[in-house]
């Protein structure tokens with residue numbers, strides 16, 4: 058499991074006084090940096106390998122500006138040509154949001170999905186959420 | 058159904074060359090402005106009435122910088138204290154993303170859900186997606 | 058002069074109740090789309106020609122969520138290897154922000170500035186602010 | 058001087074392959090959190106005291122996705138009813154951007170500038186950039 062600290066920004070709040078809901082997917086994506094590094098060790102975009110196909114977020118509680126947050130990121134499923142992640146946002150001892158994303162492993166040059174390579178599969182498996 | 062034109066911004070693209078996936082929920086929220094006006098005719102945040110509880114997005118195709126987009130927004134479901142919306146993003150004749158959101162109707166001063174008022178319910182119903 | 062309508066988004070407001078100041082440069086960049094098209098008619102990033110070297114913004118008045126805005130964009134200066142733009146944001150009859158940006162015309166493959174081509178220069182000149 | 062680490066996000070890159078220029082002001086604002094805490098110890102927006110009047114940014118070098126950054130924030134000037142900050146973004150040993158902002162100290166309830174209180178002035182002075 059990866060943990061990513063997030064310090065809320067003023068620009069991420071909204072007129073209702075909390076962190077605006079669109080920043081939850083942005084923080085979740087920030088939490089996937091080490092997953093991206095497994096897929097693309099150089100983190101260079103000309104060697105990028107994933108395309109997002111689904112995102113689901115449950116908003117469980119308001120997130121406030123005045124306290125640091127933590128994004129927790131697990132691998133949830135590994136398929137033949139795809140994989141899924143499960144993530145949580147915590148602010149102190151409050152669990153504020155949960156989310157899943159489904160990615161397809163891509164050969165962008167060919168414009169098509171291809172099998173997740175074995176070495177990537179092994180590294181992803183090391184971060185799977187236990188039941 | 059509400060239609061909201063979106064002109065992609067350079068700042069909304071990413072290193073992989075397309076519109077980054079986090080901007081899809083941002084565009085969908087932009088598409089809900091007239092829904093927000095039904096709930097809060099003044100559009101003032103001290104009279105805000107909704108809290109997002111779930112968001113789901115299916116990413117169907119890449120969105121590119123060089124062509125204008127259209128967000129289409131329908132009311133999908135109306136419950137006692139909640140309602141749901143269904144939205145689509147189109148770029149030309151390509152349907153690039155679909156999404157749903159579930160909102161709870163809130164009394165923020167009391168910090169609790171309350172029934173969707175009848176006049177709001179009537180206005181929302183006028184924008185329901187037909188089967 | 059180019060005019061770009063901007064409909065404020067909830068996600069662009071902040072806890073102080075107005076449009077957050079970081080979105081002013083984002084709206085100004087949105088206003089430059091037709092300038093970018095002069096420089097790169099295809100709007101494709103592999104043919105991109107500019108690098109921003111300076112941005113200056115004067116914040117003249119609060120921008121509110123509940124009213125549409127207009128970005129006005131003029132060419133301000135054209136140098137040998139660079140050019141400058143001047144922009145304004147209006148909300149109704151209130152002039153809320155002014156800004157300038159200075160761009161260098163780049164050959165990205167060579168990683169260096171190069172002269173603004175004559176045809177680009179001619180097109181930019183057609184959008185210069187008159188004294 | 059305050060130092061704020063920034064881990065670049067995929068959503069902050071753009072089609073030209075670098076961190077998009079609009080995120081530089083966003084990172085600079087992130088760097089001001091401890092300044093905001095001096096002004097509003099609770100970090101609550103109903104006790105907010107500043108309004109931005111000018112922002113200036115010099116873009117000195119490209120910022121890349123694959124390496125962490127550091128924002129450095131100093132107090133630059135303290136006037137009667139206003140103050141200025143100076144900030145830098147570093148990526149490794151490369152100085153990528155410099156910026157200044159000018160804030161007015163506000164009584165939002167009265168809608169007017171007022172003198173920076175003495176205790177705030179003293180705390181700001183402790184973070185002034187030395188010549």
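Residue numbers (the numbering used here), protein chains in the order written: chain A, 58 to 188; chain B, 58 to 188; chain C, 58 to 188; chain D, 58 to 188. A virtual CB, placed ideally from N, CA and C, is assigned to each residue, including glycine. If you're wondering where the values come from, they're calculated on a predicted model, not measured in any experiment.
Cβ shell of residue i (< 7 Å), same chain only, five flanking positions each side left out
| i | result |
| --- | --- |
| residue 157 of chain B | 113, 133, 141, 142, 143 |
| residue 50 of chain C | Residue 50 of chain C falls outside the range modelled here, since chain C spans only 58 to 188, and no answer is possible. |
| residue 159 of chain C | 110, 111, 139, 141 |
| residue 71 of chain A | 77 |
| residue 80 of chain D | 69 |
| residue 100 of chain A | 93, 94 |
| residue 105 of chain D | 97, 165 |
| residue 151 of chain B | 118 |
Residue i in three-state terms, based on DSSP
| i | result |
| --- | --- |
| residue 94 of chain C | helix |
| residue 164 of chain D | strand |
| residue 150 of chain A | coil |
| residue 123 of chain D | coil |
| residue 176 of chain C | helix |
| residue 64 of chain A | coil |
| residue 69 of chain C | helix |
Per-residue burial, residue i [other beta carbons within 10 Å of its own, 16 or more giving buried]
| i | result |
| --- | --- |
| residue 139 of chain B | buried |
| residue 163 of chain C | buried |
| residue 66 of chain B | buried |
| residue 68 of chain C | buried |
| residue 149 of chain B | exposed |
| residue 88 of chain A | buried |
| residue 154 of chain D | buried |
| residue 86 of chain B | buried |
| residue 145 of chain B | buried |
| residue 183 of chain C | exposed |
| residue 61 of chain C | buried |
| residue 202 of chain B | With chain B covering 58 to 188 only, the question about residue 202 of chain B has no answer from this structure. |
| residue 73 of chain B | buried |
Other residues of its chain near residue i: CB distance less than 8 Å, five sequence neighbours each side excluded
| i | result |
| --- | --- |
| residue 82 of chain B | 112, 114, 156 |
| residue 107 of chain B | 93, 96, 160, 161, 162, 163 |
| residue 178 of chain C | 135 |
| residue 116 of chain C | 78, 81, 153, 154 |
| residue 173 of chain B | 135, 136, 137, 138, 139, 140, 162, 181 |
| residue 125 of chain D | 62, 63, 64, 65, 148 |
| residue 171 of chain A | 138, 162, 163, 164 |
Start-to-end residues for the alpha helix (DSSP H) that takes in residue i
| i | result |
| --- | --- |
| residue 183 of chain C | Unbroken run through residue 183 of chain C: none, as it is neither H nor E. |
| residue 87 of chain C | 80-87 |
Range of the contiguous beta strand (DSSP E) that encloses residue i
| i | result |
| --- | --- |
| residue 112 of chain C | 107-116 |
6 Å CB neighbourhood of residue i in its chain, flanking five on each side removed
| i | result |
| --- | --- |
| residue 59 of chain D | 91, 130 |
| residue 185 of chain C | 132 |
| residue 122 of chain A | 65, 70 |
| residue 119 of chain B | 75 |
Residue i: contacting residues in chain E (beta-carbon distance under 8 Å)
| i | result |
| --- | --- |
| residue 64 of chain B | The displayed structure is made up of protein chains A, B, C and D, and chain E is not among them. |
* Asked: What residues from the segment 139-172 of chain C come within 8 Å of chain B, judged by C-beta to C-beta, listed N to C?
  -> none
* To do: Using a Cβ-Cβ cut-off of less than 7 Å, list which residues of the segment 67-78 of chain C approach chain A; keep chain order.
  => 67, 68, 70, 71, 72, 74, 77
* Between the segment 94-118 of chain A and chain B, which residues of the former have CB atoms less than 7 Å from a CB of the latter, in chain order? -> 102, 105, 109, 110, 111, 112, 113, 114, 115, 116
* Got a sec: which bits of the segment 117-131 of chain A sit with their beta carbon under 8 Å from any beta carbon on chain C, in order along the chain? -> 122
* Residues, ordered as in the chain, of the segment 78-90 of chain A that lie near chain D by beta-carbon distance below 7 Å -> 83, 86, 87, 90
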